[in-house]
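Numbering (UniProt numbering), first residue to last: 1 to 392.
What follows is one structure encoded as structure tokens, with my remarks underneath.
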């Protein structure tokens with residue numbers, strides 16, 4: 001809980017946003033504040049009033065003088081800092097999960113599996129990137145490799161732009177109307193044990209969505225920054241929120257994880273056997289490659305393109321762009337794109353709501369509109385599958 005001695009008033013440039021909160025740290029271009037209920041928010045520094053900016057600067061310098069490593073969040077991890085269109089959204093801040101533990105030296109297959117599992121469960125999703133051999137990561141981080149990949153990133157950003165704007169507006173609703181959402185009369189029909197789970201999972205879920213959109217938006221900078229910097233910045237933030245949701249997952253998922261069987265047959269080969277939902281199993285052959293255990297099929301692909309990785313990337317980029325273009329011409333994808341504008345206007349109604357009643361009415365209108373559109377969409381898709389179009 002917030003101690004009275006450390007509480008301060010923080011305000012934004014408009015003067016409309018004021019909270020009593022305790023300074024925690026500076027995280028990139030935001031200041032993390034802890035509120036009276038123990039929750040934390042991440043406020044963009046450029047949104048703070050001049051007085052609050054000076055306040056944040058003083059607290060930062062004080063923390064730095066006491067302990068140099070305590071001034072900023074360990075999640076920052078690199079010089080890479082995100083500059084995106086979500087700067088006006090005050091989202092739940094990811095909890096500090098500490099640094100990624102060092103990768104074990106020359107591990108057995110079981111040791112690497114245990115290490116990856118433990119780090120991922122602790123929120124360090126970047127561990128999967130560090131499972132790649134160092135020379136491969138260095139090659140992918142090189143400017144020629146990023147130049148080869150960047151056209152597909154630009155293509156993705158162009159295709160995804162309308163949905164990013166829509167998701168940003170949804171995040172505005174989720175972060176500014178939390179009280180109305182949790183107070184909605186439509187939640188009255190939930191089972192008694194569902195509401196505590198909803199309240200416990202609300203902030204981590206919103207934070208997860210915010211960080212996912214930030215990660216997607218951060219792809220714009222991959223021409224100037226390396227994959228390692230981008231991954232080390234974003235994936236721990238995603239993982240930190242995901243970690244908070246783990247207690248809400250069904251116990252069967254943890255049971256399935258414990259049933260994965262690891263068998264190392266010799267110094268450089270082994271298998272991982274994973275249980276499937278239908279009762280069967282899937283076995284993945286693993287090979288030790290440059291100090292890392294990797295799927296044997298992946299190692300074979302690396303060996304095949306050992307001297308032509310850039311050319312293979314370029315070919316894969318062209319194939320990916322073609323796949324994306326074909327997917328976007330699918331009738332269901334076209335329908336979703338056409339719904340972006342009306343859905344955006346519907347979200348405006350939620351944002352403009354000033355009372356619980358107005359919010360509930362706007363929510364009901366959205367639900368009715370969604371059901372109407374869904375019914376019409378199913379009919380459209382049904383008609384399109386009835387036979388080939390004229391002239392086919």
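From the three backbone atoms N, C-alpha and C, an ideal C-beta is built for every residue, glycine too.
What beta strand (DSSP E) runs, 3 residues minimum, are completely inside the stretch 244-307? 261-266, 269-275, 281-289 and 292-295
Simplified DSSP state of residue 9, which is helix, strand or coil: Numbered from 1 along the chain shown, position 9 holds the residue referred to as residue 9. Strand.
Just to confirm, are residue 119 and residue 100 a CB contact at a threshold of 8 Å? Stepping through the chain shown from its first residue, residue 119 is reached at position 119. Stepping through the chain shown from its first residue, residue 100 is reached at position 100. Yes. Within cutoff.
DSSP three-state assignment for residue 89, whether helix, strand or coil: Here residue 89 refers to the residue found at position 89 of the chain shown. It is coil, neither helix nor strand.
Express the C-alpha separation of residue 106 and residue 174 in angstroms, rounding to a whole number. Within the chain shown, the letter at position 174 stands for residue 174. Within the chain shown, the letter at position 106 stands for residue 106. Taking the straight line joining both Cα atoms gives about 46 Å.
Which partner residues does residue 393 have in the DSSP bridge list? Because the chain here runs from 1 to 392, residue 393 falls outside it and cannot be looked at.
Which residue comes first and which comes last in the alpha helix (DSSP H) that contains residue 213? For the purposes of this step, residue 213 is taken as the residue at position 213 of the chain shown. Looking at the DSSP string, the run of the alpha helix (DSSP H) that includes residue 213 is 194-218.
Span separating the alpha-carbon of residue 192 from that of residue 20: Working through the chain shown from its first residue, we reach residue 192 at position 192. Working through the chain shown from its first residue, we reach residue 20 at position 20. Roughly 32 Å between the two C-alpha positions.
Alpha carbon to alpha carbon, how far is residue 159 from residue 263? Against the chain shown, residue 159 aligns to sequence position 159. Against the chain shown, residue 263 aligns to sequence position 263. C-alpha separation (whole angstroms): 43 Å.
Suppose the cutoff is 6 Å on Cβ atoms and the five residues either side in sequence are ignored; what does the same chain contact list for residue 248 look like? Within the chain shown, residue 248 is the residue found at index 248, counting from 1. If you ignore the 5 residues before and after residue 248, its C-beta comes within less than 6 Å of the C-beta of 197 and 201, all in its own chain and listed in chain order.
Given this structure, state the Cα-to-Cα distance separating residue 111 from residue 292, to the nearest angstrom. Mapped onto the chain shown, residue 111 falls at position 111. Mapped onto the chain shown, residue 292 falls at position 292. Cα to Cα, residue 111 sits roughly 11 Å from residue 292.
Along the chain, where does the alpha helix (DSSP H) that runs through residue 152 open and close? Position 152 of the chain shown, counted from the start, is the residue given in the question as residue 152. Start and end: 143-176.
Supposed close pair residue 31, residue 43 - CB separation, criterion 8 Å: Here the question's residue 31 lines up with position 31 in the chain shown. Here the question's residue 43 lines up with position 43 in the chain shown. Right, their Cβ atoms sit about 6 Å apart.
What are the start and end residues of the alpha helix (DSSP H) that includes residue 116? What you label residue 116 is simply residue 116 of the chain shown in a count that begins at 1. Per DSSP, residue 116 belongs to the alpha helix (DSSP H) from 109-121.
Using a C-beta cutoff of 8 Å, does residue 290 count as contacting chain D? You won't find chain D in this structure, because it holds only one protein chain.
Going by DSSP in three states, residue 52 sits in which element: helix, strand or coil? Here residue 52 refers to the residue found at position 52 when the chain shown is read from its first residue. It is helical.
Quick test of the definition: if touching needs 3 or more C-beta pairs under 8 Å, does the stretch 113-127 touch the stretch 238-245? In this structure the stretch 113-127 touches the stretch 238-245; the number of beta carbon pairs closer than 8 Å is three or more.
Take the Cβ of residue 254 as the centre, count every other Cβ of all protein chains shown within 10 Å, and call the residue buried at 16 or more, exposed below. The count along the chain shown starts at 1 and reaches residue 254 at position 254. Residue 254 comes out exposed.
For residue 113, the nearest candidate out of 259, 356, 279 and 371 (CA to CA): By 1-based counting over the chain shown, the position of residue 113 is 113. Nearest C-alpha to residue 113: 259.
Presumed contact (8 Å Cβ cut-off) between residue 217 and residue 164, rounded CB distance: Sequence index remark: in the chain shown, residue 217 carries index 217 (1-based). Sequence index remark: in the chain shown, residue 164 carries index 164 (1-based). About 6 Å separates the two Cβ atoms, so the contact holds.
Spatial neighbours of residue 17 within its chain, please: C-beta separation below 7 Å, excluding the five flanking residues on both sides. Numbered from its first residue, the chain shown carries residue 17 at position 17. Counting only Cβ-Cβ distances below 7 Å, and skipping sequence neighbours, we find 11.
Excluding the 5 residues preceding and the 5 following residue 7 in the sequence, name in chain order all residues of the same chain whose CB lies nearer than 8 Å to its CB. Indexing the chain shown from 1 puts residue 7 at position 7. So the qualifying residues of the chain are 20, 21, 22 and 36.
Between the C-alpha atoms of residue 76 and residue 152, what's the straight-line distance to the nearest angstrom? The count along the chain shown starts at 1 and reaches residue 76 at position 76. The count along the chain shown starts at 1 and reaches residue 152 at position 152. Confidence at residue 76 is low in this model, with a pLDDT of 43, below 50, so its placement is unreliable and the value that follows should be read with caution. Straight-line Cα distance between these residues: approximately 27 Å.
C-beta atoms of residue 215 and residue 234 nearer than 8 Å: If you number the chain shown from 1, residue 215 lands on position 215. If you number the chain shown from 1, residue 234 lands on position 234. Going by C-beta atoms, residue 215 is nearer than 8 Å to residue 234.
When you compare the stretch 143-151 with the stretch 286-303, are there three or more beta-carbon pairs, one atom per stretch, that lie closer than 8 Å? Taking 8 Å as the limit for Cβ pairs, the verdict is that the stretch 286-303 does not touch the stretch 143-151.
Return the chain-ordered list of same chain residues with a C-beta closer than 6 Å to the C-beta of residue 69, the five sequence neighbours on each side being excluded. Looking up residue 69 in the chain shown gives position 69. Low confidence applies here, because residue 69 scores a pLDDT of 45, under 50, leaving its location unreliable and the question unanswered by this model.
With distances taken from CA atoms, which of 363, 358, 109 and 251 is nearest residue 344? For the purposes of this step, residue 344 is identified with residue 344 of the chain shown, where counting begins at 1. The residue with the shortest Cα to Cα distance from residue 344 is 363.
So is residue 282 buried or exposed if we call it buried at 16+ other beta carbons inside 10 Å? On the chain shown, position 282 is the one that residue 282 refers to. Only exposed fits residue 282, as fewer than 16 other CB atoms lie within 10 angstroms of its CB.
Mind checking residue 445: buried by the 16 CB within 10 Å criterion, or exposed? Past the edges of the chain, shown from 1 to 392, lies residue 445, and the structure says nothing about it.
For residue 237, is the classification buried or exposed, using 16 other Cβ atoms within 10 angstroms of its Cβ as the cut-off for buried? Against the chain shown, residue 237 aligns to sequence position 237. By the Cβ-count criterion, residue 237 is buried, with 16 or more other Cβ atoms from all chains shown falling within 10 Å of its own Cβ.
If we ignore side chains and look at the alpha-carbon of each, how far apart do residue 15 and residue 41 end up? Position 15 of the chain shown, counting from 1, holds the residue named residue 15. Position 41 of the chain shown, counting from 1, holds the residue named residue 41. Looking at the two C-alpha atoms, the distance is approximately 18 Å.
According to DSSP, is residue 57 part of a helix, a strand, or is it coil? Along the chain shown, one-based indexing puts residue 57 at 57. Three-state DSSP puts residue 57 in a helix.
Look at the alpha carbon of residue 412 and the alpha carbon of residue 210, and state the distance between them as a whole number of angstroms. Residue 412 lies beyond the residue range present for the chain, which begins at 1 and ends at 392; the question has no answer from this structure.
Looking only at its own chain, which residues have a Cβ that is under 7 Å from the Cβ of residue 104, when we skip the five neighbours before and after it? Taking the first residue of the chain shown as position 1, residue 104 is located at position 104. Closer than 7 Å at the Cβ level, and outside the excluded window around residue 104, lie 111, 112 and 115.
Are there 16 or more other CB atoms within 10 angstroms of the CB of residue 203, so buried, or fewer, so exposed? By 1-based counting over the chain shown, the position of residue 203 is 203. When all chains shown are included, residue 203 counts as buried.
Give me the Cα-Cα distance between residue 223 and residue 128, rounded to the nearest whole angstrom. Taking the chain shown and counting its residues from 1, the one referred to as residue 223 is at position 223. Taking the chain shown and counting its residues from 1, the one referred to as residue 128 is at position 128. Near 22 Å, if we compare the C-alpha coordinates of residue 128 and residue 223.
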